[in-house]
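*Asks:* In this note's numbering, the protein residues as written are 45 to 151.
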């Protein structure tokens with residue numbers, strides 16, 4: 045019971061809440077920066093008020109810009125090279141299977 049009282053006092057403490065709120069906002073900002081993603085954080089205050097990060101939520105609703113032609117060309121090049129590598133791997137695997145059945149003659 046004493047632990048519950050300490051817990052309630054801790055969570056209802058305005059200083060504790062302010063510190064946690066700033067920490068959550070900072071972590072959200074770090075996540076958005078490091079992962080290059082859009083992040084929205086909704087924080088409920090001790091008195092029931094809602095706060096959001098970022099303050100301007102309209103920026104989150106903007107559509108992502110389309111890839112430019114250079115990125116599409118690079119992606120196609122990588123995919124074609126990957127297909128060529130996969131064909132070569134398949135060829136080598138089939139050759140190894142065929143070679144296992146043959147005996148080599150030593151003269």
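Just so you know, even glycine gets a beta-carbon here, dropped at the ideal spot from N, CA and C. Source: prediction; values computed, not measured.
Quick one: measure Cβ to Cβ for residue 68 and residue 87, integer angstroms, because I've assumed they're closer than 8 Å.
*Replies:* Sequence index remark: in the chain shown, residue 68 carries index 24 (1-based). Sequence index remark: in the chain shown, residue 87 carries index 43 (1-based). About 6 Å separates the two Cβ atoms, so the contact holds.
*Asks:* Among residues of its own chain, excluding the 5 on either side of residue 11, which ones have a beta-carbon nearer than 7 Å to its beta-carbon?
*Replies:* Any answer about residue 11 is impossible in this case: the structure gives the chain only from 45 up to 151.
*Asks:* Consider the C-beta atom of residue 117 and the heavy atoms of the ligand FMN; say whether any pair is separated by less than 7 Å.
*Replies:* With respect to the ligand FMN, the structure offers nothing, as it holds no ligand at all.
*Asks:* What are the start and end residues of each continuous beta strand (DSSP E) run of 3 or more residues lying completely inside the region 79-108, in chain order?
*Replies:* Qualifying beta strand (DSSP E) stretches, in chain order: 85-88, 94-97.
*Asks:* Do residue 83 and residue 94 have their C-beta atoms within less than 8 Å of each other?
*Replies:* Here residue 83 refers to the residue found at position 39 when the chain shown is read from its first residue. Here residue 94 refers to the residue found at position 50 when the chain shown is read from its first residue. Against a cut-off of 8 Å, the Cβ pair of residue 94 and residue 83 comes out as no contact.
*Asks:* Does DSSP classify residue 57 as helix, strand or coil?
*Replies:* To locate residue 57, count along the chain shown from 1; it is residue 13. It is coil, neither helix nor strand.
*Asks:* Nearest-angstrom Cα distance between residue 114 and residue 123?
*Replies:* As a working note, residue 114 is residue 70 in the chain shown. As a working note, residue 123 is residue 79 in the chain shown. Residue 114 and residue 123: Cα-Cα distance of roughly 14 Å.
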